[in-house]
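In this text, residue positions in the sequence shown follow my numbering: the first is 6, and each later residue adds one.
Beta carbons are placed, not taken as given, at the ideal position from N, Cα and C, and that holds for glycine.
Taking it in order: structure first as structure tokens, then the write-up.
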Amino acid sequence: MADWTWWLAAAGALVIVELFTGTFYLLMIAIGVACGAVAALTGVGMPVQILTAAVVGAIATGLLHRSRFGAPGRQDTARDPNVNMDIGQSVHVATWTDGKARVMYRGAPWDVELGPGALAEAGSFRIVEVQGSRLIVANS
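Below, the structure is given as structure tokens:
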């Protein structure tokens with residue numbers, strides 16, 4: 006078997022593994038390996054093929070890392086409903102004292118504080134943030 010077929014088989018295997026991870030980084034390495042196959046087709050020696058694959062793979066990975074696809078957006082986990090199931094749930098507050106209250110939520114007592122723009126009046130509130138054992142709420 007020719008060198009270029011081994012390179013393409015390796016690139017194909019990396020693409021298949023990439024389908025299971027979903028990060029695009031293995032795809033960038035696969036591009037480098039495919040460039041190693043192109044170098045093999047031109048007839049250069051194995052050291053140049055390996056160097057070509059390594060350099061192209063490293064450059065492609067670096068470019069991906071700097072793009073919007075490589076670095077996931079940073080999000081405050083205290084406000085992320087995908088991380089904390091309490092975000093978006095409602096609590097009933099009977100009385101407020103200086104913008105703070107104590108409520109029973111999910112079978113346990115919690116401290117509650119008003120979020121920005123929320124009014125301190127008795128009623129139902131929506132949880133917008135969780136800071137430790139404190140629920141930050143907004144008007145429903």
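Sort out for me which residues DSSP pairs residue i with in a bridge.
{"i": "phenylalanine 74", "result": "Answer by DSSP bridge pairing: none, since phenylalanine 74 is not bridged."}
{"i": "alanine 95", "result": "In the sequence as displayed, the identity of residue 95 is serine instead of alanine. Beta-bridge pairing links serine 95 to Arg131."}
{"i": "proline 114", "result": "Met109"}
{"i": "valine 142", "result": "Leu119, Ile132"}
{"i": "threonine 102", "result": "Lys105"}
Among the options, which one has its Cα closest to the Cα of residue i?
{"i": "tryptophan 89", "options": "Glu134, Ala143, Val20", "result": "The question names tryptophan, but residue 89 in the sequence shown is asparagine. Minimum Cα distance to asparagine 89 is reached at Glu134."}
{"i": "threonine 57", "options": "Gly137, Ala143, Ala44", "result": "Ala44"}
{"i": "valine 96", "options": "Asp81, Ala113, Ala83", "result": "Ala113"}
{"i": "leucine 46", "options": "Ala14, Trp9, Ala143", "result": "Trp9"}
{"i": "isoleucine 92", "options": "Leu19, Phe130, Gly27, Phe25", "result": "Phe130"}
{"i": "glycine 120", "options": "Ala127, Ala63, Ile34, Leu140", "result": "Leu140"}
{"i": "glycine 67", "options": "Ala14, Leu32, Ala16", "result": "Leu32"}
Next on the checklist: Quick check for students: name the residue ranges of the alpha helix (DSSP H) that lie wholly in the region 24-81, counting only runs of 4 or more.
Outcome noted: 30-46, 51-71
Checklist entry - Can you find at least 3 beta carbon pairs, one from the region 97-107 and one from the region 60-78, that sit closer than 8 angstroms? => result no
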